[in-house]
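Peer 1: The sequence shown begins at 5 in the working numbering and counts up one residue at a time. Would you mind keeping the following structure in view while I ask a few things?
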Amino acid sequence: MFKRLRYWIYLKILTYPTFLPRIRLFRFGIPLVMKESFFAESTETEALRFLHGTGLNLPIPKVFDSFAIQGCEYTIMTRIPGDTLLNQFIKKTITEEQISAVINEVHDVVRKLWTLSPPPEHAGVVMCHPSGHGLPTVLEEMQDLIGPLPIVDLYVHHTSLIATHRPWTADGLMLLEPERMGKVLADDKRVYVHCDLRPHNIMVTDNGKLSGILDWENSGWHARHWQVLVLRTTLGYLNPPPLSKWWSNIQFEPEVEEAYSAGWSLILRPV
Numbered sequence: 005m006f007k008r009l010r011y012w013i014y015l016k017i018l019t020y021p022t023f024l025p026r027i028r029l030f031r032f033g034i035p036l037v038m039k040e041s042f043f044a045e046s047t048e049t050e051a052l053r054f055l056h057g058t059g060l061n062l063p064i065p066k067v068f069d070s071f072a073i074q075g076c077e078y079t080i081m082t083r084i085p086g087d088t089l090l091n092q093f094i095k096k097t098i099t100e101e102q103i104s105a106v107i108n109e110v111h112d113v114v115r116k117l118w119t120l121s122p123p124p125e126h127a128g129v130v131m132c133h134p135s136g137h138g139l140p141t142v143l144e145e146m147q148d149l150i151g152p153l154p155i156v157d158l159y160v161h162h163t164s165l166i167a168t169h170r171p172w173t174a175d176g177l178m179l180l181e182p183e184r185m186g187k188v189l190a191d192d193k194r195v196y197v198h199c200d201l202r203p204h205n206i207m208v209t210d211n212g213k214l215s216g217i218l219d220w221e222n223s224g225w226h227a228r229h230w231q232v233l234v235l236r237t238t239l240g241y242l243n244p245p246p247l248s249k250w251w252s253n254i255q256f257e258p259e260v261e262e263a264y265s266a267g268w269s270l271i272l273r274p275v
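Below, the structure written as structure tokens:
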């Protein structure tokens, strides 16, 4: 009953809708945001609370309140100031020098996330939310979860275009592509990865500084090269070539770069 009352107050009195169907902003100058999660298990709330608990001082929202109603999780969190890197790029209100500086700041965040290690029970899998459940995938238009699962099984999902038979399996993929999958598997360190770390989730101030990163329900334990795939791969207007190209200027560890090159040549589409 109390949860429903809170929901009603937030929905009818304190917030108003935006052009983003799952996001509501607060009235009266209150610097908070209300977000509805697609998933009851892998939620924004749990990811943000986990990350704040690491002590890494990350530029991410803070959770003010959260509750679940009828299978939907609602997160009330602080509003990150500024506009998205994507919008600033489209409106031409950010210079190339500022874009480069923002990319370097995001890279620093990635490096911080890569200092985190999964608990033993999740050490051998990818697509693993801090809750222990799966993560959204582009293959399902971010509407469904995949995982947790071994990295080779994730590549099975993403390599149907090269499948030589059905059903397409990990054994079949390894037999067909031993060299490239060997490079993928060599990147065996599991770290914390944001699987939708693209310009529409990077917030930038009016003077071209990183103010925060959004959409942490799509984050968890993964292989390092998968983060590079997300950053460098063009995804329509959400990660256009003039922005994704900047990540080619940043070099990662040799085994990560080799796994990225092998992975991209196998998948050949956004992740």
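Where a beta carbon is used, it is the ideal one built from N, C-alpha and C, also for glycine.
#1: Since Pro203 contacts Leu247 with CB under 8 Å, what's their CB separation in whole angstroms?
#2: Our contact map puts Arg31 next to Leu18 with C-beta atoms below 8 Å; I'd like the distance itself, whole angstroms only.
#3: Using a Cβ-Cβ cut-off of 8 Å (strictly less than) and excluding sequence neighbours within five positions of Leu180, which residues of its own chain qualify?
#4: Span of the beta strand (DSSP E) holding Glu1?
#5: Counting along the chain, where does the alpha helix (DSSP H) carrying Tyr159 start and finish?
#6: Going by DSSP, what residues sit across from Ser70 in a beta bridge?
#7: Whose C-beta lies closer than 8 Å to the C-beta of Glu77 among residues of the same chain, with five residues either side of it excluded?
#8: Once DSSP output is grouped into helix, strand and coil, what is the label at Leu18?
#9: To which residues does DSSP link Gly216 through a beta bridge?
#10: Counting pairs of beta carbons, one from the segment 73-88 and one from the segment 194-213, are three or more of them closer than 8 Å?
#11: In terms of alpha-carbon separation, which member of Val197, Ser215, Leu214 and Glu257 lies closest to Ser121?
#12: Assign Asp219 to buried or exposed, taking buried as 16 or more other Cβ atoms, counted over all protein chains shown, within 10 Å of its Cβ.
#13: Give a yes or no on contact between the segment 232-248 and the segment 122-132, applying the rule of three or more CB pairs nearer than 8 Å.
#14: As an exercise, report each continuous alpha helix (DSSP H) stretch of at least 4 residues that is fully enclosed by the segment 21-67, in chain order.
#15: Which of the three DSSP states is assigned to Arg170 in this structure?
#16: Can the beta-carbon of Met131 be found closer than 8 Å to that of Pro152?
#17: Can the beta-carbon of Leu235 be found less than 8 Å from the beta-carbon of Leu201?
#18: So, at 6 Å on beta carbons, what are the nonlocal neighbours of Asp157 in its own chain, with the 5 sequence-adjacent residues on each side left out?
#19: Within 10 Å of its beta-carbon, does Gln92 have 16 or more other beta-carbons around it, so buried, or fewer, so exposed?
#20: Are the beta-carbon atoms belonging to Ser215 and Ala51 less than 8 Å from one another?
Peer 2: Taking the geometry as given:
#1: The residue given as residue 203 occupies position 199 in the sequence shown. The residue given as residue 247 occupies position 243 in the sequence shown. About 5 Å separates the beta carbons of Pro203 and Leu247, which is inside the 8 Å limit, making them a contact pair.
#2: Mapped onto the sequence shown, residue 31 falls at position 27. Mapped onto the sequence shown, residue 18 falls at position 14. That belief holds up - the Cβ atoms of Arg31 and Leu18 are roughly 6 Å apart, short of 8 Å.
#3: In the sequence shown, residue 180 corresponds to position 176, counting from 1. The residues are Ile166 and Thr168.
#4: This structure leaves residue 1 out entirely; the chain is present only between 5 and 275.
#5: Indexing the sequence shown from 1 puts residue 159 at position 155. Ile155 to His162 is the span of the alpha helix (DSSP H), which, as asked, contains Tyr159.
#6: In the sequence shown, the residue the question calls residue 70 occupies position 66. DSSP, once it has assigned bridges, lists Thr79 as partnering Ser70.
#7: One-based indexing of the sequence shown puts residue 77 at position 73. The answer, listed in chain order, is Glu40, Ser41, Phe43, Ala44, Thr47, Glu48, Thr49, Ser70 and Phe71.
#8: Position 14 of the sequence shown, counted from the first residue, corresponds to residue 18. Three-state result, Leu18: helix.
#9: For this step, residue 216 is matched to residue 212 along the sequence shown. According to DSSP, which records beta bridges pairwise, Gly216 is partnered with Met207.
#10: Touching, per the Cβ criterion.
#11: Stepping through the sequence shown from its first residue, residue 121 is reached at position 117. Answer by Cα proximity: Val197.
#12: On the sequence shown, position 215 is the one that residue 219 refers to. Under this definition Asp219 is a buried residue.
#13: no
#14: Runs found: 48-56.
#15: In the sequence shown, counting from the first residue as 1, residue 170 sits at position 166. If DSSP states are grouped into helix, strand and coil, Arg170 belongs with coil.
#16: Indexing the sequence shown from 1 puts residue 131 at position 127. Indexing the sequence shown from 1 puts residue 152 at position 148. One thing to note: Met131 has its Cβ within 8 Å of the Cβ of Pro152.
#17: As a first step, residue 235 is located in the sequence shown; it is residue number 231 there, counting from the start. As a first step, residue 201 is located in the sequence shown; it is residue number 197 there, counting from the start. A Cβ-Cβ contact shorter than 8 Å links Leu235 with Leu201.
#18: As a working mapping, residue 157 is identified with position 153 in the sequence shown. Correct list, in chain order: Ala174.
#19: The residue labelled residue 92 in the question sits at position 88 within the sequence shown. It counts as buried.
#20: Here residue 215 refers to the residue found at position 211 when the sequence shown is read from its first residue. Here residue 51 refers to the residue found at position 47 when the sequence shown is read from its first residue. No, Cβ-Cβ distance for Ser215 and Ala51 is not below 8 Å.
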